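Read through the structure below, which is laid out as structure tokens, and then see the notes.
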Amino acid sequence: MSHTDLDSGSAADPPQAQAPPRALSFWDGRGELIIGGLLLVMAVTLVIGNTGMDVIGDGGLLGPQGVGWFVAALAAVIGVLLIVSALRRTPERRGSLAAEERTNWRAVGLVLLGIAAFSGLIDVLGWLVMATLMFTAVATGLGNRNLLRNLTVGFVMAAVIQIVFSGMLGLNLPSGVLGGL
Amino acid sequence: MEQLTHLLGGFGAVLTPMNLVWITLGAFLGTAVGVLPGLGSAMAVALLLPMTFTLDPLAALIMFSGVYFGGLFGDSTAGILMNTPGNSTAIATTFEGHRMARSGRAPQALATSAIGAFTGGILATVLVVFFAPSMADLATRFGPGEYFALALFAFVAISAVVSESPLKGLAALAFGLGLALVGTDQSTGTARFTFGMPALFDGISIVVITVAVLAVGEVLYAAGRVGHRGAHKLIPSAGRPWLSGREFRAALPAWLRGAGIGIPFGIIPAGGAEVPTFLAYSTERQLDKRRRKPMFGKGAIQGVAAPEAAGNATAGSAMGALLSLGLPTSATAAVLLAAFQQYGMQPGPLLFERNGDIVWALLAGLLLATVVLLVINLPFAPLWAKLLLLPQSYLYAGITVFACLGVYATGANKTDLVLMCLLGVLAFAMRRTGVPLAPVLIAVILGPLAEYSLRDAMANSGNDPLTLVGSPITIALYSLLLLGLAWTAWRRLRPAAPAGADREEALETQG
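Line order of the protein sequences matches chains A and B. Taken in order, the first sequence gives residues 1 to 181; the numbers are from UniProt numbering. Taken in order, the second sequence gives residues 1 to 511; the numbers are from UniProt numbering.
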């Protein structure tokens, strides 16, 4: 995959000065803990799904469950190994990793909120409203503080897509609250 | 020379005004996503996939291939002019390319890279035209045992052999295999891991997975880096926009050597063009050391020519592996395989028999796309660089809108959107920790093939495990796999390789 390196966007925040060295919290430089945890969750889900599976007919030696057991075991082993390697990492190495992992959580949260709101409310509020709001949330999250312009650009884009896809390609986008107008 | 007749037929089918429009559109889109850092051809094809349902299959597929090749044409522009490679495949080009730009030879660097990409793409595609049919013939003798070996080979190669950390590669593989299991079991009709949700009976749509992993995850990752980015200065590309005869003579052997290094890598599931571009770069550097006047470090034209040719040669032969064996060897190839499946075609040995007309038209389209790409890249690379002035915030906001549109358009149901959010968060967590994404896609695409081939092999042989190593092809594949693992172990126990050191250095200077 790509190594993202963004140039300075038009209205983005100025690059922050190097943060002063501070004490490492438990999570710093241990990003694998999350990946390992998610792998364990997946392994447990696969085991629950396999034990409660309503198997139809005779599936042969492995049946519909065989590969499920294998993937559960693989996920569990890899998950545990990742967690162990993260816990045994030296403080120096963790410090340099923590610098790489530095994340702007507010920006991530805003973008995620926009996407989640779109997913939850698209049927109620319709494409035009939700696509505009999501565009604005993402653009603002990525550092563009000109709200009014973000809303306008988002609205124009959403409207053009609605016209092209609903009007010309016959794809049905929900009109939501605006449908009654 | 049966192939030439088929290829001429392919040109006949592809040379319609409408198809030429699709090829050009694909070339433009591909170059654009290649130029823009953070966007890749895999993401572009994933976003286009749901919007091309209504298109004629040939039109969509030639456009996608144009995007695939175009991504590798455009990726070096940002690297050469700004020292920010558009993609990991352009890192090797960036070392010497940016040095050339700094010494006032930016147009020459851009031209060398465009001609290099052209040479690699054309040579590899011509080889595919001549060899893919015989490879497909060989593959018609594949039984379930051979297919299982092939899938296993792809899994281990992409996750353990070429990945930076085998543990992280395997973690990505496990996520992909788990996602592929959801849905109705094809051989017994048992509902698996659907937890009573009817929306999951057909499995998780491949469109949802690719869009979430490649687009939503990327947008979240970019958001996480707001305020932590370094500014880069764009070096203007001005002056004599062509190569002198001497430069051409210096670059020509490097283009050919690069293509030679890249072509074999297309059929190995090494996750794309990154490994061959680095190999081509270090080969040129070794050769340069023996010259009377070494140029490496001062902007050597060979250091741009060889990696670019290698990158596109890999993409060309990856198309061959995809069409003839059904084996995706990079993330983009995996998404392309999903595109074939969307149109009810299964890449692999039978494709040449069942959909021969489309395959030959596609190969003819690839050759045309490479020419179109050269035409729009060679003289206009400085114009493409203007794309870098686009505000990142609108770019990523637009990608998000198209991602949601695509997922909503495929099924118009809420489950898909919720899954997109969850998988997007997973992809973000993976990017942040340095877990590769390509193994997820390869596992999702090849997981079912591996599972059902294994179960068929067991059923056909009365549960005899020895059937898995019962043919010369399987024995060859497993031996290759063991060799790859041995090479990985040896490489890791040895002190850091020179190419690897260069790369870390590059990443540091970028950040």
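For glycine and all other residues, C-beta sits at the position ideal for the given N, C-alpha and C. Quick caveat, the model's predicted, so the values are computed rather than measured.
Annotation for Gly272(B): Ser330 place their beta carbon closer than 6 Å to its own, counting only its chain and skipping 5 residues before and after.
Residues of the segment 302 to 333 of chain B whose Cβ lies closer than 9 Å to any Cβ of chain A, in chain order: Ala331.
Contact annotation: Ala280(B) and Pro307(B) have beta-carbon atoms nearer than 7 Å. Note on geometry: alpha-carbon atoms of Glu96(B) and Phe296(B) lie some 7 Å from one another.
Leaving aside the five residues that flank Leu113(A) on each side, the residues in its chain whose CB is nearer than 7 Å to its CB run, in chain order, Ala137.
The Cβ atoms of Ala339(B) and Phe69(B) lie no closer than 7 Å to each other.
At a cut-off of 7 Å between C-beta atoms, Leu138(B) does not count as an interface residue with respect to chain A. For chain B, the residues of the segment 131 to 151 of chain A that bring a beta carbon within less than 7 Å of one of its beta carbons are Ala131, Met134, Phe135, Val138, Ala139, Gly141, Leu142, Gly143 and Asn144, in chain order. Comparing alpha carbon positions, the residue from Leu367(B), Gly217(B) and Leu287(B) closest to Ile122(B) is Leu367(B). Apart from the 5 residues on each side of it in sequence, Val211(B) sits with its Cβ closer than 7 Å to the Cβ of Ala46, Leu47, Ala403, Gly406, Val407 and Met420 in its chain, given in chain order.
Ranking Gly29(A), Arg149(A) and Asn150(A) by CA distance to the CA of Arg88(A) puts Gly29(A) first. Following the DSSP letters along the chain, one finds Gln286(B) inside the alpha helix (DSSP H) bounded by residues Glu274 to Lys289.
Within 8 Å of the CB of Val418(B), the CB atoms of chain A belong to Ser119, in sequence order along the chain.
For secondary structure counted as the alpha helix (DSSP H) over 4 or more consecutive residues, the segment 74 to 149 of chain B holds these complete runs in sequence order: 91 to 102 and 106 to 139. In the same chain as Ile358(B), and ignoring 5 residues on each side of it, the C-beta atoms closer than 6 Å to its own belong to Leu58, in chain order. Classified as buried, Thr94(B) has 16 or more neighbouring CB atoms from the shown chains inside 10 Å of its CB.
Taking a contact as a CB-CB distance under 8 Å, the pair Leu110(B) and Ala381(B) counts as one, their CB atoms being some 4 Å apart. The beta-carbon separation of Ala44(B) and Val35(B), rounded to 12 Å, does not stay under the 8 Å limit for a contact. Three or more beta-carbon pairs drawn from the segment 148 to 163 of chain B and the segment 434 to 444 of chain B are found closer than 8 Å, and the two stretches are therefore classed as touching. Residue environment analysis places Asp54(A) among the exposed positions, since fewer than 16 neighbouring C-beta atoms fall within 10 angstroms of its C-beta. About 13 Å separates the Cβ atoms of Phe265(B) and Ala92(B), ruling out a contact at the 8 Å cut-off. Under a 10 Å Cβ-count criterion, Trp255(B) is classified as buried, with 16 or more other Cβ atoms of the shown protein chains found around its own Cβ.
Secondary structure note for Trp487(B): its alpha helix (DSSP H) is the uninterrupted segment Pro472 to Leu493. Thr24(B) sits in a helix when the DSSP states are folded into three classes. Chain-order list of chain B residues neighbouring Ala107(A): Ala223, Gly224, Val226 and Gly227, by C-beta distance under 8 Å.
Using a Cβ-Cβ cut-off of 7 Å, Asp464(B) does not count as an interface residue toward chain A, since no Cβ of chain A sits closer than that to its own.
Listed along chain A are Ile56 and Gly57, each with a C-beta nearer than 8 Å to that of Gly189(B). Residues Leu39, Leu40 and Ala43 of the same chain have their beta carbon placed closer than 8 Å to that of Ala76(A), with the five preceding and five following residues left out of the count.
When secondary structure is reduced to three states using DSSP, Thr103(A) falls in the coil class, being assigned neither helix nor strand.
Between the C-alpha atoms of Gly141(A) and Pro269(B) there is a straight-line separation of about 36 Å. With fewer than 16 other beta carbons inside 10 angstroms of its own, Asp58(A) counts as exposed.
Setting aside the 5 residues that flank it on each side, Ala199(B) is surrounded in the same chain by Asn413 and Thr415, each with a C-beta closer than 7 Å to its C-beta; the list follows chain order. For Leu39(A), the chain B residues whose C-beta falls within less than 8 Å of its own C-beta are Ala171, Ala174 and Phe175, listed in chain order. Secondary structure note for Gln342(B): its alpha helix (DSSP H) is the uninterrupted segment Ala331 to Gln342.
Annotated as proximal: Ala427(B) and Val213(B), with beta-carbon spacing under 7 Å.
As DSSP reads the structure, Gly183(B) sits in a beta bridge with Arg192(B).
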